[in-house]
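Quick notes on the structure that follows.
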Amino acid sequence: NDIVVMGATPLAVLDTIVCGKAEKATISALVKGVSDACRENECSLVGGETSIQPSVVDSGVYVLTSSIAGICERKKVIDGSVIKEGDAVLALASNGLHTNGYSLVRMLLDKMPQIKLEKINGNTFIEEIMKPHTPYYPSLKGLFGKDKISGMAHITGGGIQGNLFRVIPDGLTAQIDRSKIKILSVFRFIKEKGNVSDTEMLTTFNMGVGMTIVVPQKEKASVIKHLSKYHECYEIGTIIREDNKGTEKVQYKNRLKWV
Numbered sequence: 060n061d062i063v064v065m066g067a068t069p070l071a072v073l074d075t076i077v078c079g080k081a082e083k084a085t086i087s088a089l090v091k092g093v094s095d096a097c098r099e100n101e102c103s104l105v106g107g108e109t110s111i112q113p114s115v116v117d118s119g120v121y122v123l124t125s126s127i128a129g130i131c132e133r134k135k136v137i138d139g140s141v142i143k144e145g146d147a148v149l150a151l152a153s154n155g156l157h158t159n160g161y162s163l164v165r166m167l168l169d170k171m172p173q174i175k176l177e178k179i180n181g182n183t184f185i186e187e188i189m190k191p192h193t194p195y196y197p198s199l200k201g202l203f204g205k206d207k208i209s210g211m212a213h214i215t216g217g218g219i220q221g222n223l224f225r226v227i228p229d230g231l232t233a234q235i236d237r238s239k240i241k242i243l244s245v246f247r248f249i250k251e252k253g254n255v256s257d258t259e260m261l262t263t264f265n266m267g268v269g270m271t272i273v274v275p276q277k278e279k280a281s282v283i284k285h286l287s288k289y290h291e292c293y294e295i296g297t298i299i300r301e302d303n304k305g306t307e308k309v310q311y312k313n314r315l316k317w318v
């Protein structure tokens, strides 16, 4: 997702597994998971390393990292430079936490271990927080090279404000309507159990928005129609002419709708 936001096509992945003890079944499952994800996103797992470090990592603990290379023609790179006043900001739905907010979740589980088996939409809390991170390349690739997308941001740590600001040109601001964000049930659960403030929820979690996409108004309907074949896609904001710096290039209005 971090290279897809530039309009890049993924080519090759290298993975590294660091562990205290290499258990064959676990290593095989990890490699298969990476390989399956590569196949889903039309790229190749071209190599990797398993590093056994018993003096550094406890037995039963596995640290998985990876790097990816992709390709995009320079003139077709999506970097936000063509974003203009009046453009629409779209949300592409996430399926859960993705890979952010787990420090807060672990603190919650330490205090209330019994909640791991509580049900959310038919799944246990543990099942909800262990859902794999949604890959967006399959849904976005059909829009690349067609001048339909002006900018994109992968919503990870820092939330919408902490990621979208990076692609907003100077002199412009993304105004996000919090009341339009379709909050996932797992985030309602976390807020209730942990008594977490709205501000902390917005800066820690994606809140149900896995990707933000800035598009010209004339392309909004066609982009939503295309992306809705894969994930829920809807408008959450607009680009206004206002000069702010850093994360202040993203401004919120209205309140989150928890009910």
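Per my numbering, numbering through the sequence shown is continuous, rising by one, with the last residue being 318. Every residue, glycine too, gets a C-beta built ideally from N, C-alpha and C.
Through-space distance from N265 to T258, alpha-carbon basis: Position 199 of the sequence shown, counting from 1, holds the residue named residue 258. Position 206 of the sequence shown, counting from 1, holds the residue named residue 265. In this model, T258 and N265 are separated by some 12 Å (Cα to Cα).
From N303 to Q220, what does the alpha carbon distance come to, in whole angstroms? Taking the sequence shown and counting its residues from 1, one reaches residue 303 at position 244. Taking the sequence shown and counting its residues from 1, one reaches residue 220 at position 161. A straight line joining the alpha-carbon of N303 with that of Q220 spans about 13 Å.
Assuming H213 contacts M270 (C-beta within less than 8 Å), just tell me the rounded distance between them. Against the sequence shown, residue 213 aligns to sequence position 154. Against the sequence shown, residue 270 aligns to sequence position 211. So it is a contact: roughly 6 Å between Cβ atoms.
Starting from D74, trace the beta strand (DSSP E) both ways and give me its first and last residue. Locating residue 74 in the sequence shown gives position 15, where the first residue counts as 1. Taken as a continuous stretch (DSSP letters only), the beta strand (DSSP E) holding D74 covers 68-78.
Cα-Cα, which of A280, K135, T183, K239 is closest to R314? By 1-based counting over the sequence shown, the position of residue 314 is 255. Closest option to R314, Cα to Cα, is K239.
Anyone know if the C-beta pair for G210 and I299 falls short of 8 Å? Counting from 1 along the sequence shown, the entry for residue 210 is found at position 151. Counting from 1 along the sequence shown, the entry for residue 299 is found at position 240. For the pair G210 and I299, the CB atoms are not nearer than the 8 Å cut-off.
Pairing CB atoms from the region 75-85 with CB atoms from the region 108-127, are three or more of them under 8 Å? Three or more beta-carbon pairs drawn from the region 75-85 and the region 108-127 are found closer than 8 Å, and the two stretches are therefore classed as touching.
Return the residue from the list L70, D61, V148 that minimises the CA-CA distance to E278. For the purposes of this step, residue 278 is identified with residue 219 of the sequence shown, where counting begins at 1. Restricting attention to L70, D61, V148, the CA atom closest to the CA of E278 is found in V148.
Which residues share a DSSP beta bridge with E307? Looking up residue 307 in the sequence shown gives position 248. Partner(s): none; E307 has no beta bridge.
Where does L123 sit, in a helix, a strand or coil, going by DSSP? Counting from 1 along the sequence shown, the entry for residue 123 is found at position 64. Strand.
Can you check DSSP and say which residues form a bridge with M211? The residue given as residue 211 occupies position 152 in the sequence shown. According to DSSP, which records beta bridges pairwise, M211 is partnered with I272.
Quick check on I249: does DSSP put it in helix, strand or coil? Locating residue 249 in the sequence shown gives position 190, where the first residue counts as 1. Helix.
Got a sec, what are the start and stop residues for the beta strand (DSSP E) C292 sits in? For the purposes of this step, residue 292 is taken as the residue at position 233 of the sequence shown. Per DSSP, C292 belongs to the beta strand (DSSP E) from 292-300.
Among the candidates L286, E301, W317, V318, whose CA atom is the shortest distance from the CA of Q310? The count along the sequence shown starts at 1 and reaches residue 310 at position 251. Ranking L286, E301, W317, V318 by Cα distance to Q310 puts E301 first.
Taking DSSP as the reference, what is the three-state secondary structure of E187? As a working note, residue 187 is residue 128 in the sequence shown. Assigned with DSSP and collapsed to three states, E187 falls in helix.
C-alpha gap between T306 and K83, whole angstroms: The residue you call residue 306 lines up with position 247 of the sequence shown. The residue you call residue 83 lines up with position 24 of the sequence shown. Looking at the backbone, the Cα of T306 and that of K83 are separated by about 45 Å.
DSSP three-state label for E108, please. To locate residue 108, count along the sequence shown from 1; it is residue 49. In this structure, E108 counts as strand in the three-state DSSP scheme.
Inspect the beta-carbon positions of G296 and S153 and report whether they are closer than 8 Å. Counting from one through the sequence shown, the residue named residue 296 turns up at place 237. Counting from one through the sequence shown, the residue named residue 153 turns up at place 94. Taking the C-beta atoms as reference points, S153 is found no nearer than 8 Å to G296.
Going by DSSP, which residues form a beta bridge with V64? Sequence index remark: in the sequence shown, residue 64 carries index 5 (1-based). Answer is none; V64 lacks a bridge partner.
For H285, which residues from the same chain have a beta carbon less than 7 Å from its beta carbon, with the 5 sequence-adjacent residues on both sides left out? Taking the first residue of the sequence shown as position 1, residue 285 is located at position 226. Short of 7 Å from the beta carbon of H285, and not among the five residues preceding or following it, lie these beta carbons of its own chain, in chain order: G201, L202.
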